[in-house]
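Have a look at the structure below, then the notes.
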Amino acid sequence: MAYIQFLGAAGTVTGSKHLISIGPDPRGSGGFQALIDCGMFQGPKEWRERNWQDMPVPARKINAVVLTHAHIDHCGWIPRLVKAGFRGPIYATPATIDFCGILLPDSGHLQEEDAAFYNKFKKSKHDPALPLYTLEEAQASLQYFRAVQFGENKQLCPVISFRFVRAAHILGSSMVELTLRSNGQTRLLLFTGDIGRVRDQNVAPGKVVRSGPTEGETADILVMESTYGNRQHPTVDPRPQLAELIRRTAERGGSVIVPAFAVERTQKFLFMLKELMESGQLPAIPVFCDSPMAIKAVEVFMKHTGEYSEETRRLLGRYGSPIEWPGFTFASTAEQSKKINDVRFPSIIVSSSGMVTGGRILHHLAQRLPDPKNTVIFIGFQAPGTRGFTIKSGAHEVKIFGDIVPIRAQVTALEQFSDHADTPELLQWLRTFSSKPPATYLVHGDPAASAQLRDTMTKELGWNVQVAQWMQKVNVI
Ligand SMILES: [Zn+2]
1 MAYIQFLGAA GTVTGSKHLI SIGPDPRGSG GFQALIDCGM FQGPKEWRER NWQDMPVPAR
61 KINAVVLTHA HIDHCGWIPR LVKAGFRGPI YATPATIDFC GILLPDSGHL QEEDAAFYNK
121 FKKSKHDPAL PLYTLEEAQA SLQYFRAVQF GENKQLCPVI SFRFVRAAHI LGSSMVELTL
181 RSNGQTRLLL FTGDIGRVRD QNVAPGKVVR SGPTEGETAD ILVMESTYGN RQHPTVDPRP
241 QLAELIRRTA ERGGSVIVPA FAVERTQKFL FMLKELMESG QLPAIPVFCD SPMAIKAVEV
301 FMKHTGEYSE ETRRLLGRYG SPIEWPGFTF ASTAEQSKKI NDVRFPSIIV SSSGMVTGGR
361 ILHHLAQRLP DPKNTVIFIG FQAPGTRGFT IKSGAHEVKI FGDIVPIRAQ VTALEQFSDH
421 ADTPELLQWL RTFSSKPPAT YLVHGDPAAS AQLRDTMTKE LGWNVQVAQW MQKVNVI
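Under this note's numbering, the first residue of the sequence shown is numbered 1, with each subsequent residue one higher.
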């Protein structure tokens, strides 16, 4: 008897966490429990509160975690799992492990900061406010990571084995092909994690990793993401529009503020700025990259070049490490960060967090949102309930550090930077399957996106598709 239970990213885009549970064998072998991803819930409070709930299976009874990639909504709950008693291996690709080494301690640090802030101003109904986990606890969780290469077969227990295949979402990102053998039966399970852009460079400009997720897949049960299940990305090159936005802002004496995820998105954006400046499409305006994490991520980024597209490799070959570029300043200390506030001439400030949920971007936006000369450019997905979502959706004010900040700056978004396949791309990938999966469960999507993708897949492909429900159990054997 084995089942999958959707413990997160069901009905929402965050908190990815899928339990595979095998009951004890009557002939004596014990059961086995594994998690595919162990993500943190982000966004609206009703979801965030679930970060504090215990799982249906105690953490110490989970035997292993298999991690698809290093985004916090897929890995951010790992330190909490370890804090609650988990002591098993956490399997991930080498680049994912390197990124987690940066992201998880930072996540712990941000939570400690948030708790300290609420306690100082007594703005929490929880007294005292506590972090979900600390920086130190996050660091302690890193000892359980074990590297698994793409394509390598790994036996989790006598009944389950898995291998990672490329998802082409971010550096190191993978899908998990899982094989379950029990009582003479075999079941193939495919967990997609997040699925990268499927089309090639000219329709997905700025794509860092090689083009497209692994083709020719099949599964008895497919568990698939649906973030862009009801949307299509623009296919125009964002570079001319970006150059125009920056030029106009600088002409009126304003600065451009770009909230960007520190890992990969920031580096991708910096390379695009560099290219625009070198080709003369953009004047050499000072660029401030204000994220200690982004600096560390540059090193990881330069280490795993084997996964990159031709275009990315060409850029790396031509320009080298962003840390060395003249006119680009990387602020690692708090002092250096504060100094950016004093800059009165036009500049470009790239800072995180990408959804404005914390980090140094808060200071920059609190200071520069009230001035109509400035421009805020979003280059990443904004989950409902985040400050980023509020600002992007045209609100007139936003709460930062407990204060109401008026929004008078120009606010715009460039959607082409997405690392998720849109609906036509998802269908293009699904059409490469060697056979129709008997059952598909859609996860990692807002309810409207998941429902529309279910309908589209049913109509266009004739597949049996359901939208996964939070805590739903699905029998595997
Ligand atoms: Zn992701």
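Idealized CB from N, CA, C, for every residue including glycine.
One alpha carbon belongs to residue 210, the other to residue 404, and they sit about 43 Å apart. Residue list for ligand 1: 71, 194 (CB closer than 5 Å to any heavy atom, chain order).
CA-to-CA, the gap between residue 472 and residue 427 works out to about 25 Å. Between residue 72 and residue 107, the CB-CB gap stays under 8 Å.
Counted as a single uninterrupted DSSP element, the beta strand (DSSP E) harbouring residue 160 occupies residues 160–166.
Residues of the same chain with a CB within less than 7 Å of the CB of residue 448, apart from the 5 flanking positions on each side, are 230 in chain order.
CA-to-CA, the gap between residue 416 and residue 1 works out to about 44 Å.
Within the segment 332–410, the complete alpha helix (DSSP H) runs of at least 4 residues fall at 334–341, 361–368, 387–392. Excluding five sequence positions before and after residue 44, the CB atoms of its chain that fall closer than 6 Å to its own CB belong to 385, given in chain order.
For the set 128, 135, 127, the Cα lying nearest the Cα of residue 112 is the one of 135. Here DSSP, grouped into helix, strand and coil, assigns residue 282 to coil. As summarised for the segment 55–106, the continuous alpha helix (DSSP H) elements at least 4 residues long and confined to that stretch are 72–75, 78–83, given in chain order. Listed in chain order, the non-local C-beta contacts of residue 277 below 7 Å within the same chain comprise 284, local neighbours out to five positions each way being set aside.
Contact annotation: residue 475 and residue 438 have beta-carbon atoms that are not nearer than 8 Å. The segment 243–288 contains, as complete beta strand (DSSP E) runs of 3+ residues, the segments 256–259 (chain order). One alpha carbon belongs to residue 52, the other to residue 132, and they sit about 7 Å apart. Distance from the CA of residue 179 to the CA of residue 319, rounded to the nearest whole angstrom, comes to 43 Å. According to the DSSP assignment, residue 179 belongs to the beta strand (DSSP E) that extends over 174–182. Inter-segment contact for the segment 187–199 and the segment 149–157 is absent: fewer than three beta-carbon pairs are separated by less than 8 Å. About 3 Å separates the beta carbon of residue 99 from that of residue 70, a gap short enough to meet the 8 Å contact definition.
Per DSSP, the beta-bridge partners of residue 3 are 21, 475.
Residue 233 counts as buried, since no fewer than 16 other beta carbons sit within 10 angstroms of its beta carbon. Excluding sequence positions up to five before and after residue 470, its CB lies within less than 7 Å of the CB of 6, 10, 11, all in the same chain and listed in chain order. Less than 8 Å separates the beta-carbon of residue 269 from that of residue 260. In this chain, the beta strand (DSSP E) harbouring residue 36 covers 32–36.
The beta carbon of residue 315 lies closer than 6 Å to those of 271 in the same chain, with the five residues before and after it left out.
In this structure, residue 213 lies near residue 166, with their beta-carbon atoms less than 8 Å apart. At the C-beta level, residue 92 and residue 41 stay beyond 8 Å of one another.
Less than 8 Å divides the Cβ of residue 249 from the Cβ of residue 375. The alpha helix (DSSP H) runs of length 4 or more contained entirely in the segment 298–332 are, from start to end of the chain, 310–319. For residue 451, there is no enclosing beta strand (DSSP E); the residue is found in the alpha helix (DSSP H) stretching over 447–461. Between residue 370 and residue 226, the alpha-carbon positions lie close to 36 Å from each other. Residue state for residue 436 is assigned as coil, using DSSP reduced to three classes.
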